[in-house]
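Q: As you go down the protein sequences, you meet chains R and X in turn.
With the numbering used here applied, the first sequence covers 1 to 369.
With the numbering used here applied, the second sequence covers 1 to 504.
Ideal placement from N, C-alpha and C gives every residue a C-beta, glycine not left out.
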Amino acid sequence: MTGRGIVDGGLQVLAGSAVVLLVLLVCVRAVRRERERRRERAAEPLRVLLLELLCAEGDEEPGSLQALSALDDRSWAAVEPTARTILAKVSGQARDALAGLFEQRGVATRAMADLRRRGSVRKGRAAEVLGLLRHRAATPQLRVLLLDADPEVRTVAARALGHIGDPAGVPDLLNCLHGPHPVPPGVVLQALTAFGTAGHDQVATGLDDAEPLVRAVAVEALGAAGGVVWTTRVAAALKADPHVEVRIRAARALGALGTPAGLEPLLDAVRRGRPEPLRAVAARALGRLGASRAAPRLGELLDDPVHRVASTAARALLQVGPAGRDELRRAADGARGGRAAAHARAALAEAAIGEEGARSTAGRAAVGP
Amino acid sequence: MTPPLATAALGAAASGPAASTASGAHDVLLDVIAVSNVLVLGYFLAINTAYLMLVVIAAGDFVRHLRRTPFAGYDDASASPFTLPVSLIVPAYNEEAGIVDAVQALLLLRHPSFEVVVIDDGSTDATLDRLHEAFDLVEVPHVVSTEVPVRGAVESVHLPRGGPVSLIVARKRNGGKADALNVGVNLARYPLLCMVDADSILDSQALLAISKPFSDDPLRVVAAGGVIGIANGCTVVAGRVVRVGMPHRLLAKIQTVEYMRAFLLGRTGWSRIGGLLVIAGAFGMFRRDAVVAVGGLDPDCLGEDAELVVRLHHHLRGTGRDYRIVFVGEPISWSEAPETLRVLGRQRRRWHRGLTEVLLKHREMIGNPRYGRVGLVALPFYVLFELCAPVVELAGLVLVPLGLLIGAVDLEFLWRFLLAAYGYAMVVSLLSLLAEEYAFHRYSRWRDVSSAVLGAAAENLGYRQFTAWWRVRGIWDAVHGAPKVWGVMTHRGFAAEPTEEDRR
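Now the structure itself:
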């Protein structure tokens, strides 16, 4: 074939492709717009029913519930996306009413069936819905999904377990942090803190796990969920865990727990020679504890050569009451050297403008209508 | 990519009447032109096929993304206390007109924990004054970290009176955008840094979306790029794009299609195959520790955003770390595109100079198996199809008239060839439009579609040739170390008045 022949053939292919693409572009757009228009037309009157359902008070069962339950499939398909969006954002009676509607429509039953079927997208959507509905019966299957090959399915299963709040899922949530591609630790952490005190004992089993990530998440979850009875174990993790990330999270947890038992381990963690990220987190945790005994040590840190440690210590001193302020003022006057003075002055100034603003806001409120 | 206005036919030229009567020298010239033709033909086929492959890969990614959006978990992330906090760094130089609206819009982004760090890079206008008035700023004593070296010293730091607004404004001596960003890195308190241009408009969910890869894969993701869309023609209310529309001017229409193909689909494709090299400075997120580890942004490089990404690859591959640099296709940051040839020319010249500098600086990575797909695929692609493309294109512009002059070009073949070349480029653009329409369908009006098709067609007629010239000048600037000039981007502003439809 000559060069001209090749080009002619290519031209024909390209012209055909261009026409096909243009037609597809127009068709995709037209079909989508028509579908949206139909859905919008069908959904508009039904939104009133949805609002009635959400606004119903007391134990009365509104007629809207029956009406929405009895909708044909096409109408329900039109209103379901709105209902689902609202379900994720409301709480209390409105949430219960919507969840009841979804149950009556058989959404939970279908989603339960979808969890067992093939296809990651189907399973992911089903897990999302079951989590939103807090469908407790889904817990065993969601626990299985934590081992799914698809990372996004594992993630949504972890979130759903947190929404449902059945502590039976805690061991599996900790377990899904193993391996080269664990479920995102932030998602597991959020789920673990949703179980409240009922899950503390099981979460604490993670403190003895061989995997550092499990220990790190368990220790932080106990801190964030207020597991004060585990303070000693958390403090032990801060002191002795071989992995620095676990120690960092233990320091953060002790700050969140706010018990006096956390003071000594935290004071020890800010010493020079400890890893820098740990020292910074521990300094912040000392501020959260608010113990005046921490002030002298935090004052020493103002002169620390590591900027992050010094600036965190300065902010932490603002949180430890009069002793902390005194320490900052002394440092600002030069008692601990030039670098400490600069950090102290910056922290005091920051606090002053915050308080000035708060005072002026209070003043405005006092003279307001 | 169209061919460099490719010259004559393969065999056709040699069989033309001019060839049979030519002298020896003339024959040699014909041979040279014939060989050039083959090279040019191969080049244009390869470049368009490469783009086609990237677009197809990206389209597949869009479909996957679209099907999974219902369980992406944005609601949970927006309410979680464990979502990683973000420092938004906004370098500003003479932005008095829009800085207040920009910062106000940034402060309203959907994310549970973030701060806005504005760096006034020695503006000569009232940028700082505007911020002072709007946010009741107070100058405070400051101690700025020196983790990343900076050139222009920080002169003052300002905080809003009252505290609860998470805003910090620093005034520094002028040192350029990269230097301002480095000051921002030093001031940032949070583990994630999001670099945003002061004249960019972010979708409300942008921060959540771009930080999601860091939450999903916290041990490996070190950087994420966001999509840049063209704001010309869009309706902007209270610092948000409320209605997306195609620009009115042809030059901006062309750029919209170009951005869609090269930035949205091209970068999504590169991200999918692990070879993303460019994260736009207008909207990109980085792990702070990773940026500090490589010493921040390079103030000597005009393409500081791409250079940072390549340096991260260089450093992380070099140290054998398992890492990912990804691209997020939605939502997006909107920027105003140049609407005059003069401003567009300055922009493209600067961009290509930046690219040249980056590739020269990291030349030992090119083709080096130590750097994996980045070294073996992405960088060679950038050298061959980004850096060299304008040179080949301009070479074609010279060879065509020459070939016609000496009778080496068969005119019959030439017009067919040009048509095929433009047709191929247009097919790639149309496929990009189709992928956008299927996945995101941001452009709501029918006339937007016709505008986009018009833009895709018009791109081949003059626009490419002009940009090739500016890009070659960019290469020249880089090679000869011409003084670095950012130039002034003339902002026309956005359509601020919502229509009745927008209000509904």
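Looking at C-alpha atoms only, which residue of Asp-326/R, Pro-322/R, Gly-334/R, Ala-314/R is the closest neighbour of Ala-346/R?
A: Ala-314/R
Q: Which residues, in chain order, does the region 191–216 of chain X contribute to contact with chain R at a C-beta distance below 9 Å?
A: Within the region 191–216 of chain X, the qualifying residues are Ser-215, Asp-216.
Q: If I follow the unbroken alpha helix (DSSP H) through Asp-61/X, where does it start and stop?
A: 24–68
Q: Going along the region 413–443 of chain X in order, which residues come within less than 8 Å of chain R, judged by CB to CB distance?
A: Phe-413, Arg-416, Phe-417, Leu-419, Ala-420, Gly-423, Tyr-424, Met-426, Val-427, Leu-430, Leu-431, Leu-433, Leu-434, Glu-437, Tyr-438, His-441
Q: Candidates Glu-211/R, Ala-168/R, Leu-213/R: which alpha carbon is nearest Gly-196/R's?
A: That would be Ala-168/R, whose Cα lies nearest to the Cα of Gly-196/R.
Q: Under 7 Å between beta-carbons, which chain X residues line up against Ser-17/R? List them in chain order, please.
A: Val-427
Q: Residues of chain R with a CB under 9 Å from the CB of Gly-60/X: which are they?
A: Going along chain R, no residue has its Cβ under 9 Å from Gly-60/X, so there is no contact; the nearest lies around 14 Å.
Q: Could you tell me which residues DSSP pairs with Phe-283/X in its beta bridges?
A: Val-196/X
Q: Hey, is the region 248–264 of chain X in contact with the region 26–43 of chain X, meaning 3+ C-beta pairs nearer than 8 Å?
A: no
Q: With a threshold of 8 Å between beta carbons, is Gly-368/R in contact with chain X?
A: Low local confidence applies: a pLDDT of 37 at Gly-368/R is under 50, so the model's placement there is unreliable, with the coordinate-based value given in what follows. With 8 Å as the cut-off, Gly-368/R does not count as an interface residue toward chain X.
Q: Expressed to the nearest angstrom, what Euclidean distance is found between the alpha-carbon atoms of Tyr-382/X and Glu-300/R?
A: 52 Å
Q: Is the Cβ of Gly-226/X closer than 8 Å to any Cβ of chain R?
A: no
Q: Which term fits Arg-288/X, buried or exposed, when burial requires 16 or more other beta carbons within 10 angstroms of its beta carbon?
A: buried
Q: Please report the straight-line C-alpha distance between Val-475/X and Gln-347/X, rounded to a whole angstrom.
A: Note that residue 475/X is Ile in the sequence shown, not Val. Cα to Cα, the separation comes out at about 13 Å.
Q: Could you round the C-beta distance between Pro-182/R and Leu-207/R to whole angstroms and report it? I think they count as a contact, below 8 Å.
A: In fact, because the Cβ distance is near 17 Å, the residues do not count as touching under 8 Å.
Q: Quick one: what does DSSP say Thr-319/X is sitting in, helix, strand or coil?
A: DSSP places Thr-319/X outside both helix and strand once states are collapsed to three, so it counts as coil.
Q: Would you report the Cα separation of Glu-501/X and Trp-446/X, rounded to the nearest angstrom?
A: Only weak support exists for where Glu-501/X lies, its pLDDT of 49 falling under 50; the value from the coordinates is given anyway. Rounded to the nearest angstrom, the two C-alpha atoms are 15 Å apart.
Q: Beta-carbon separation of Ser-432/X and Leu-159/X under 8 Å?
A: Leu-159/X is positioned such that its CB atom lies no closer than 8 Å to that of Ser-432/X.
Q: Please name the residues in the region 39–71 of chain X whose beta-carbon is closer than 7 Å to at least one beta-carbon of chain R, in chain order.
A: Taking 7 Å as the cut-off between beta carbons, the residues of the region 39–71 of chain X near chain R are Arg-67, Arg-68, Pro-70, Phe-71, in sequence order.
Q: Counting only runs that start and end within the region 291–352 of chain R, where is the alpha helix (DSSP H) found for 4 or more residues in a row?
A: 295–301, 307–319, 321–332
Q: Return the CA-CA distance between Tyr-371/X and Ala-240/R, expressed in angstroms with no decimal places.
A: 38 Å
Q: Using only the alpha-carbon positions, how far apart do Leu-312/X and Ser-333/X sit?
A: 23 Å
Q: In chain order, what residues of the same chain lie with their CB nearer than 8 Å to the CB of Ala-224/R, ignoring the 5 residues before and after it?
A: The beta carbon of Ala-224/R is closer than 8 Å to those of Leu-189, Thr-193, Ala-253, Ala-256 in its chain, skipping five residues each way along the sequence.
Q: Listing by chain order, which chain X residues have their CB less than 8 Å from the CB of Ser-311/R?
A: Val-143, Ser-145, listed in chain order.
Q: Go ahead and label Val-203/R buried or exposed: buried means 16 or more other beta carbons lie within 10 angstroms of its beta carbon, across all protein chains shown.
A: In summary, Val-203/R is buried, with 16 or more beta-carbon neighbours lying within 10 Å of its beta-carbon over all protein chains present.
Q: Can you tell me where the beta strand (DSSP E) holding Lys-172/X begins and where it ends?
A: 167–172 is the span of the beta strand (DSSP E), which, as asked, contains Lys-172/X.
Q: If you measure beta-carbon to beta-carbon, which residues of the region 269–286 of chain X are closer than 7 Å to chain R?
A: none
Q: Output needed in chain order: residues of the region 145–160 of chain R with a Cβ under 8 Å from some Cβ in chain X.
A: Pro-151, Glu-152, Thr-155, Val-156, Arg-159
Q: Using a Cβ cut-off of 8 Å, which residues of the region 318–349 of chain R contact any Cβ in chain X, in chain order?
A: Arg-339, Ala-342, His-343, Arg-345, Ala-346, Ala-349
Q: Is the shortest distance between the beta-carbon of Ala-86/X and the beta-carbons of chain R less than 8 Å?
A: For the sequence presented, residue 86/X should be read as Val rather than Ala. By this cut-off, Val-86/X is not an interface position.
Q: Any beta carbon from chain X within less than 8 Å of His-307/R's own beta carbon?
A: yes
Q: With distances taken between CB atoms, is the gap from Gly-162/X to Gly-354/R smaller than 8 Å?
A: Contact: yes.
Q: Along chain X, which residues have their Cβ under 9 Å away from the Cβ of Ala-127/R?
A: Phe-71
Q: Name the one or two DSSP bridge partners that Asp-120/X has.
A: Ala-92/X, Arg-171/X
Q: Within 8 Å (strictly less), CB to CB, does Arg-4/R reach chain X?
A: yes
Q: Should Gln-141/R be flagged as near chain X, meaning a C-beta pair shorter than 8 Å?
A: no
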